[in-house]
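Student: So that you can map any letter, position 154 of the first sequence is 153 in numbering that gives the first Met the number 0, and since no number is skipped, the others follow by simple counting.
Beta carbons are placed, not taken as given, at the ideal position from N, Cα and C, and that holds for glycine.
Here it is: the structure, laid out below.
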Amino acid sequence: MKTTQLLIPTQKEAPNDAQIISHQLMIRAGLISKLASGLYSYLPMGVRILKKVEAIIREEMDRVGSQEVLMPVTQPAELWQESGRWDEYGPELLRFNDRHGREFCMGPTHEEVITNLAAQYIRSYKQLPMSFYQVQTKFRDEIRPRFGVMRSREFIMKDAYSFHLDQDSLQQTYDLMHQAYCNIFDRLGLDYRPVLADSGSIGGDASHEFHVLADSGEDAICFSDESDYAANVEKVAFSKQKATCTAQAVEESVLTKKKTSIEQVADFLNVNQSECLKTLIIKTDKGFKALALRGDHELNEIKAHNLFGEFELATDDEIKSLGLKKGFIGIKELDIELVVDYSASVMCDFVCGANEWDQHLIGANWQGVEFDEADLRNAVEGDTSPDGMGKLVIKRGIEVGHIFQLGDKYSKSMKANVIGESGKAVVTTMGCYGIGVTRVIAAAIEQNYDDRGIIFPQSIAPFQLVIVPINYNKSTRVKALADDLYQQCSKAGIEVLLDDRKERAGIMFADSELLGIPHRMVLSDTHADNGNVEYKARNNPDKIEVRFEEALSFIQGRIG
RNA sequence: CGGAGUGUAGCGCAGCUUGGUAGCGUAUCUGGUUUGGGACCAGGUGGUCGAAGGUUCAAAUCCUUUCACUCCGACCA
């Protein structure tokens with residue numbers, strides 16, 4: 000295509016509200032345009048990229064035998080009432096009434112609709128397993144949309160759902176999907192990691208998130224420096240440890256005037272924070288509890304939530320009412336239930352509060368203290384990997400995919416049964432598999448850019464090649480060569496953009512680099528004289544002179 | 001929803017304290033000179049100053065209300 004025939008509104012400056020690099024570059028390169036908070040239009044270049052991503056996803060989903068369907072964005076409330084999510088799902092579910100007053104919602108996901116379909120049409124166990132996918136617009140009324148299309152309210156998702164007679168069959172498809180996702184993200188040219196994810200209230204350990212590694216990622220993920228272990232930081236499960244030390248010290252109370260934080264106490268007593276113990280007081284439905292953690296560890300609220308249900312940290316007044324001294328709370332002679340983190344319960348000769356103002360204990364030990372043990376903390380850099388191999392490294396990630404074994408949560412409530420071998424109805428077992436298509440694009444940019452703009456991976460670039468003719472509108476020789484090369488490339492099936500604008504070289508270079516087109520060919524009068532073409536890859540500063548006659552085969556070789 | 005901030009031309013901003021007929025850069029249009037890294041000269045287009053109400057002879061500027069957007073927290077592909 001030719002630049003003059005396309006709307007590519009590039010900008011020198013990014014709008015003030017674009018905070019992260021992918022958002023800025025997507026606006027500056029003219030891929031998207033903001034309509035309202037969390038709502039974006041995709042302009043021609045953006046759509047080309049979207050289509051490329053979708054094509055790769057479709058190919059890989061088709062390859063594992065998933066069937067493409069397309070379900071409505073608008074969904075009737077009855078379906079959601081049937082699954083129970085009409086009440087469970089919060090305000091993120093956009094609800095509205097039609098002219099007759101019937102209730103509807105904009106689909107944030109499609110478990111209800113697909114399960115309804117399966118219940119209608121899948122009758123026999125002989126039809127199983129079966130899986131479906133769609134590439135479709137979702138709406139989630141996010142509390143705070145941000146980062147451009149990274150967290151928008153309306154976005155495009157590939158969602159897939161599978162139905163099975165039993166867990167074994169689900170596991171097989173799950174593994175297939177896992178592989179398909181790896182293929183997809185490989186082909187998208189992304190540096191990503193599948194990590195263990197929270198399986199939540201549904202149980203089982205089969206849920207993986209796919210994270211693209213990027214400093215701007217909203218999630219912290221960690222993996223072992225020796226094994227394949229990888230998990231979301233908040234989901235790293237620790238098990239009970241064996242003590243590696245024995246109590247030797249004699250307990251002693253010391254004056255720690257006004258030293259109320261672990262940091263202050265550790266500094267004051269000249270010990271590491273990991274040798275200190277901190278005690279938190281939380282308020283649960285069943286009253287107050289004390290939680291003890293190593294000084295350098297943080298409470299994992301999800302784990303605590305799973306153990307204690309709804310809870311919050313006790314207020315200063317509540318602590319006072321328990322007769323405790325905030326800043327000096329310890330483990331000895333507590334009146335309330337004490338739960339100790341696994342890595343705190345194996346500490347020896349540690350420092351902790353003395354339950355007296357301005358007093359801490361040194362050389363404290365667990366003898367004579369009654370407590371329960373649990374996994375309460377977040378992983379930190381350097382922790383031993385839960386699989387026992389290597390140490391954990393923590394990085395930031397952008398969640399672009401999530402695969403999940405649903406079990407019978409929806410199939411049961413929505414009666415997606417099949418007649419089994421025995422002739423009796425059997426509730427199907429389900430899996431679901433999502434990829435944030437629009438988020439993938441933002442993530443790809445977060446991972447591939449420089450000070451000039453985007454450096455798209457070949458597989459998703461809006462064009463493979465840009466031809467930049469210098470003085471296209473002045474030099475008939477340059478125009479002839481550029482048109483010739485453009486025709487050759489087009490015929491050969493290369494996605495080529497000819498910059499036929501009446502612009503100076505600098506502007507054309509800057510735009511093509513901002514847009515991240517992987518390959519560039521430059522033609523000028525000099526080339527008309529010497530019979531060469533200049534080639535440059537977006538990700539390599541070197542320019543290569545190629546004979547004009549060999550230009551096509553050269554570029555074909557580069558594109559591969 | 002809690003906390004912080006911003007709304008003036010497509011984009012980036014000044015003007016507001018101390019009211020007096022709307023300004024800069026960039027983009028865009030016309031003409032000319034340039035032509036391998038966002039050029040230069042001249043002329044032009046484009047704004048109910050987020051909206052509503054109020055004070056005033058006079059409001060972008062002061063007051064009240066309201067809306068939108070952005071940032072920090074809980075949620076998620």
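Between the alpha carbons of residue 255 and residue 295, how many angstroms are there, rounded?
Tutor: Their backbone Cα atoms lie some 19 Å apart in a straight line.
Student: Tell me whether the beta-carbon of residue 158 lies closer than 8 Å to the beta-carbon of residue 132.
Tutor: yes
Student: Would you call the region 170-186 in contact with the region 397-416, where contact means no fewer than 3 C-beta pairs closer than 8 Å?
Tutor: As far as the Cβ criterion goes, the region 170-186 touches the region 397-416, which means the pair count is three or higher.
Student: When you compare the CB positions of residue 389 and residue 226, do they come within less than 8 Å of one another, or not?
Tutor: Their beta carbons are under 8 Å apart, which means residue 389 touches residue 226 by this criterion.
Student: With a 10 Å radius around its C-beta and 16 neighbouring C-beta atoms as the bar for buried, classify residue 37 as buried or exposed.
Tutor: By the Cβ-count criterion, residue 37 is buried, with 16 or more other Cβ atoms from all chains shown falling within 10 Å of its own Cβ.
Student: In whole angstroms, what separates the C-alpha of residue 202 from that of residue 45?
Tutor: With a pLDDT of only 46 at residue 202, under 50, the local geometry of the prediction cannot be trusted, and the value read off the model is given with reservation. The alpha-carbon atoms of residue 202 and residue 45 are separated by roughly 39 Å.
Student: What does a CB cutoff of less than 7 Å around residue 308 pick up in its chain, not counting 5 residues either side in sequence?
Tutor: 283, 284
Student: Mind checking whether residue 487 and residue 558 have CB atoms under 8 Å apart?
Tutor: no
Student: Fully enclosed by the region 342-376, which beta strand (DSSP E) runs are 3 residues long or longer?
Tutor: 349-355, 358-363, 371-373
Student: With distances taken Cα to Cα, identify the nearest neighbour of residue 433 among 22, 56, 40.
Tutor: Nearest option by C-alpha distance: 56.
Student: Locate the alpha helix (DSSP H) running through residue 182, then write down its first and last residues.
Tutor: In the DSSP assignment, residue 182 falls within the unbroken alpha helix (DSSP H) covering 166-186.
Student: Run the CB neighbour count on residue 120, radius 10 Å, all protein chains shown included, and call it buried at 16 or more, exposed below.
Tutor: exposed
Student: Between 393, 428, 420, 517, which lies nearest to residue 448 when the distance is taken from Cα to Cα?
Tutor: 517
Student: I need the DSSP call for residue 388, collapsed to helix, strand or coil.
Tutor: coil
Student: What's the gap between the Cα of residue 585 and the Cα of residue 183?
Tutor: Residue 585 lies beyond the residue range present for the chain, which begins at 0 and ends at 559; the question has no answer from this structure.
Student: I'd like the span of the beta strand (DSSP E) that includes residue 129, first residue to last.
Tutor: 129-138
Student: Under the rule that 16 or more other beta-carbon atoms within 10 Å means buried, what is residue 167, buried or exposed?
Tutor: exposed
Student: What whole-angstrom Cβ distance do residue 22 and residue 209 have, given they're in contact under 8 Å?
Tutor: Contact flag wrong, Cβ pair sits at about 21 Å.
Student: So, is residue 244 buried or exposed, given that buried needs 16 or more other C-beta atoms within 10 angstroms?
Tutor: Classified as exposed, residue 244 has fewer than 16 neighbouring CB atoms from the shown chains inside 10 Å of its CB.
Student: Does the beta-carbon of residue 113 have 16 or more other beta-carbons within 10 angstroms, so that it is buried, or is it exposed?
Tutor: buried
Student: Could you tell me whether the Cβ atoms of residue 287 and residue 328 are closer together than 8 Å?
Tutor: no
Student: Restricting to Cα atoms, I'd like to know which of 319, 66, 81, 352 is closest to residue 414.
Tutor: 81
Student: Starting from residue 433 and walking both ways along the beta strand (DSSP E), at which residues does that stretch end?
Tutor: 428-435
Student: Check whether the Cβ atoms of residue 347 and residue 246 lie closer than 8 Å to each other.
Tutor: yes
Student: Here's a check: name, in chain order, each residue in its chain whose Cβ is nearer than 6 Å to the Cβ of residue 543, leaving out the five neighbours to either side.
Tutor: 534
Student: Considering only the beta carbon of each residue, do residue 233 and residue 281 sit closer than 8 Å?
Tutor: no
Student: Less than 8 Å between the beta carbons of residue 519 and residue 511, yes or no?
Tutor: For the pair residue 519 and residue 511, the CB atoms are nearer than the 8 Å cut-off.
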